[in-house]
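**Student:** Throughout the sequence shown, residue numbering follows the numbering used here, covering 65 to 170 in sequence.
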Amino acid sequence: MAITRTWHGLVPIEQQQAFELHLQKTGIEHSSSIQGNVGAYVQIVQQGDYAHFFLCTVWSSWDAIYRFAGAQPSIAVTYPDDEQYGLISDPLVIHQEVIHTGNPFV
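#1: Do you know offhand how far V122's Cα is from V162's?
#2: Is it the case that the CB of G150 approaches a heavy atom of the ligand MN more closely than 7 Å?
#3: Give me the residue from E93, T90, S124 with the minimum Cα distance to T27.
#4: How many Å lie between Q136 and V75 at the Cα?
#5: For F83, which residues in the same chain have their Cβ closer than 8 Å to its Cβ, ignoring the five residues on either side in sequence?
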C-alpha cells in the first residue's frame, strides 16, 4: 500500500514550457529527494488559454509525506518563484491510498 499526493495548478498557455522546467527543478526534484518518495508524475492538459499541471507524488507512508509537506500535509507546497509564471495553485492537495505505485496518468 502507498499514498498518492496530487496537486493541481495552472499557468497561462504561453508559460507552459517555462513552468514545466520550473516544476521539474522544484516540486519534482524536491519531493524526489525526500526519503519515502517512490515516484513523481506530471500530466499537462491544455484548456483554452491555460495549461493545467497535475503533479502526483507517490509515498511509502504518512511520515514521508510529513517530511515533504510539513505539519499540514493537505496544504499545497509552493515555491517562491512560482508567481513569475502566473501560477494559480489549488491551495489543497488530494491524498489517496493506492495499491499501484506506477504512473497514474497512463
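Cβ coordinates follow ideal geometry from the N, Cα and C atoms, glycine included.
This one's a predicted model, so the numbers in the text were calculated from it and none came from an experiment.
**Tutor:** So, from the data block:
#1: Those two C-alpha atoms are separated by around 9 Å.
#2: As presented, the structure is devoid of all ligands, the ligand MN included, so that no description of it is given.
#3: Residue 27 is absent from the structure shown; the chain starts at 65 and stops at 170.
#4: About 25 Å.
#5: Only residues of its own chain outside the window of five on either side were considered, and among them V75, A115, F117, Y149, L151 have a CB closer than 8 Å to the CB of F83, listed in chain order.
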